[in-house]
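Position one of the sequence shown corresponds to residue 70 (the numbering used here), numbered consecutively onward. Note that CB positions come from ideal geometry on N, CA and C, so glycine has one too.
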Amino acid sequence: MPRMFISGPEQNKNRLKKRLLHQLYIAGQASIPQMARMLSVSIPTVKNLIVELLESDEVKSAGIGESNGGRKPELYELQCGRFHVVACDMGRYMATMAVYNCRNQQVGNALKIRTNYDDPDLIEKLVENYYRIIKENNLGVQHIYGFGIDMPGLIDSKHGINYTIKNRRNQNIRKALEKHISTYIYIDNDARMQAFGELRFGKAKGKKDVIRVHWSWGLGLGMILDGKLYSGSTGFAGELSHIKLEDGGELCICGKRGCLETEGSATSLMREVRKGVMQNVVSVLTTRYKDNLDAITPEIVIDAARAGDEFAILQLNHIGMALGKGLSILIQLLNPEIIIIGGPLSSARQFVLTPIQQALNRYCLEKISQNIPVEISELDENAGLLGVTACLFDTIFSENHTMKHIMG
Numbered sequence: 070m071p072r073m074f075i076s077g078p079e080q081n082k083n084r085l086k087k088r089l090l091h092q093l094y095i096a097g098q099a100s101i102p103q104m105a106r107m108l109s110v111s112i113p114t115v116k117n118l119i120v121e122l123l124e125s126d127e128v129k130s131a132g133i134g135e136s137n138g139g140r141k142p143e144l145y146e147l148q149c150g151r152f153h154v155v156a157c158d159m160g161r162y163m164a165t166m167a168v169y170n171c172r173n174q175q176v177g178n179a180l181k182i183r184t185n186y187d188d189p190d191l192i193e194k195l196v197e198n199y200y201r202i203i204k205e206n207n208l209g210v211q212h213i214y215g216f217g218i219d220m221p222g223l224i225d226s227k228h229g230i231n232y233t234i235k236n237r238r239n240q241n242i243r244k245a246l247e248k249h250i251s252t253y254i255y256i257d258n259d260a261r262m263q264a265f266g267e268l269r270f271g272k273a274k275g276k277k278d279v280i281r282v283h284w285s286w287g288l289g290l291g292m293i294l295d296g297k298l299y300s301g302s303t304g305f306a307g308e309l310s311h312i313k314l315e316d317g318g319e320l321c322i323c324g325k326r327g328c329l330e331t332e333g334s335a336t337s338l339m340r341e342v343r344k345g346v347m348q349n350v351v352s353v354l355t356t357r358y359k360d361n362l363d364a365i366t367p368e369i370v371i372d373a374a375r376a377g378d379e380f381a382i383l384q385l386n387h388i389g390m391a392l393g394k395g396l397s398i399l400i401q402l403l404n405p406e407i408i409i410i411g412g413p414l415s416s417a418r419q420f421v422l423t424p425i426q427q428a429l430n431r432y433c434l435e436k437i438s439q440n441i442p443v444e445i446s447e448l449d450e451n452a453g454l455l456g457v458t459a460c461l462f463d464t465i466f467s468e469n470h471t472m473k474h475i476m477g
């Protein structure tokens with residue numbers, strides 16, 4: 070008679086295997102004594118687990134490590150070609166999709182997808198490109214252990230729902246994707262995943278309290294508090310775009326007036342630049358784009374500032390001051406170790422960092438703000454992709470996660 074259940078001892082062994090795989094994912098390489106200490110189990114227990122994981126091709130030898138006075142230990146690592154995930158970073162107008170292995174390395178080229186969270190064909194485009202990128206990298210679906218997406222909006226990551234999406238059919242993204250994709254699927258807010266990417270691989274690594282801003286058409290906020298990613302009671306923490314900055318002011322997409330997004334984002338930058346060009350302000354932007362306003366992009370404005378265009382510099386100064394004013398509120402509430410700024414507008418660097426610091430000097434108590442650095446992310450557009458990748462592997466290798474590719 071075939072066995073219909075897994076015994077208690079076998080369940081415990083499988084849990085230990087998952088813990089061991091996760092420790093190897095975090096550490097990269099480790100010896101058997103090191104793994105025994107990590108797992109708080111005996112060396113013989115780890116030896117037996119390693120033998121089985123070598124046989125199943127989930128772990129491989131990584132050569133000989135350095136000696137601590139005795140015999141040089143053999144090191145082990147995850148079988149890199151065995152474990153892959155697909156990560157997707159979605160902006161307001163474009164998404165980037167890439168395959169990553171268990172060393173957090175991108176495999177092959179990324180795909181650029183023209184879509185957004187309100188695209189009526191969103192699900193179809195995600196599914197089509199998910200299978201396309203797997204095929205282009207000569208992988209099979211059996212090699213993919215998870216598919217993760219970060220995107221703007223009010224997202225319930227537990228259930229995979231983006232409540233900001235107007236099309237109700239697409240709000241439950243995870244459920245819609247699960248009809249076409251059999252692997253584990255995870256959905257979360259873009260700024261939160263970018264903050265997680267910084268925590269694991271960027272300027273937030275080793276820090277306890279961090280503010281990470283995604284500065285684009287809107288303003289997303291990811292928070293690391295006490296060394297952990299903070300989501301709030303319902304998962305909606307971080308809506309920096311919609312804190313009230315001014316009484317009255319421009320109408321925001323949320324339906325209210327005076328939001329930070331209307332004064333300190335790429336949306337407001339484009340509005341004011343195009344308004345100035347229409348009024349024949351003295352600028353290279355007027356000379357080149359008076360008859361083609363829609364061709365002006367944030368990148369073009371930043372390039373003009375680098376070339377010394379005073380109008381472009383003034384507009385970047387304005388949005389920098391607005392963001393700094395918003396950040397001053399967060400600094401006095403959270404007292405972070407560092408503020409990290411990423412996203413397209415962060416490439417303006419000194420043209421925005423200087424006014425941000427001026428605003429902090431003006432609106433913050435000096436004792437609170439004086440030792441808090443404001444820095445540009447070094448991960449660039451990869452922060453979200455790396456955050457999604459790490460989140461996927463953390464879940465895949467967690468003790469209670471059931472995945473058909475792992476452990477048979």
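Boundaries for T458: no beta strand (DSSP E) harbours it, while the alpha helix (DSSP H) harbouring it runs N451 to I465, taken from the DSSP string. With a contact defined as Cβ atoms closer than 8 Å, I410 and I441 miss out at about 13 Å. Cβ-Cβ separation between L288 and S334: approximately 6 Å, consistent with a contact (criterion under 8 Å). The way I'd put it, the region 204 to 221 does touch the region 252 to 259; three or more beta-carbon pairs between them come closer than 8 Å. In the three-state reduction of the DSSP assignment, T303 falls in the coil class, being assigned neither a helical nor a strand state.
Looking from the CA of I182, the closest CA among L191, K276, Q174 and Q175 belongs to L191.
Sequence-distant Cβ neighbours of D225 in its own chain, meaning closer than 6 Å and more than five residues away, are G304. Contact between the region 160 to 168 and the region 113 to 124 is absent: fewer than three C-beta pairs spanning the two stretches fall below 8 Å. Pairing L461 with R237, the inter-Cα distance amounts to about 26 Å. The way I'd put it, the region 439 to 455 does touch the region 266 to 282; three or more beta-carbon pairs between them come closer than 8 Å.
Under the DSSP definition of a beta bridge, A156 partners with A167 and G217. Between M292 and A264, the C-beta gap is smaller than 8 Å, which places the two residues in contact. For a cut-off of 8 Å, the C-beta gap from E205 to G177 is around 6 Å, short enough to register as a contact. Bounds of any beta strand (DSSP E) do not take in S337; it lies within the alpha helix (DSSP H) bounded by A335 to M347. Counting C-beta pairs closer than 8 Å gives three or more between the region 384 to 400 and the region 331 to 350, which meets the contact rule.
Pairwise C-beta distances place the region 92 to 105 in contact with the region 144 to 161, as three or more of them are shorter than 8 Å.
R326 and H311 have their C-alpha atoms spaced approximately 9 Å apart. Cβ-Cβ distances below 8 Å link K141 to I133, G134 and E135 in the same chain, with the five nearest sequence neighbours on each side left out; the list follows chain order. Closest in C-alpha terms to T114, from the list L448, L89 and F380, comes L89. Counting the other Cβ atoms within 10 Å of the Cβ of K87 gives 16 or more, which makes it buried.
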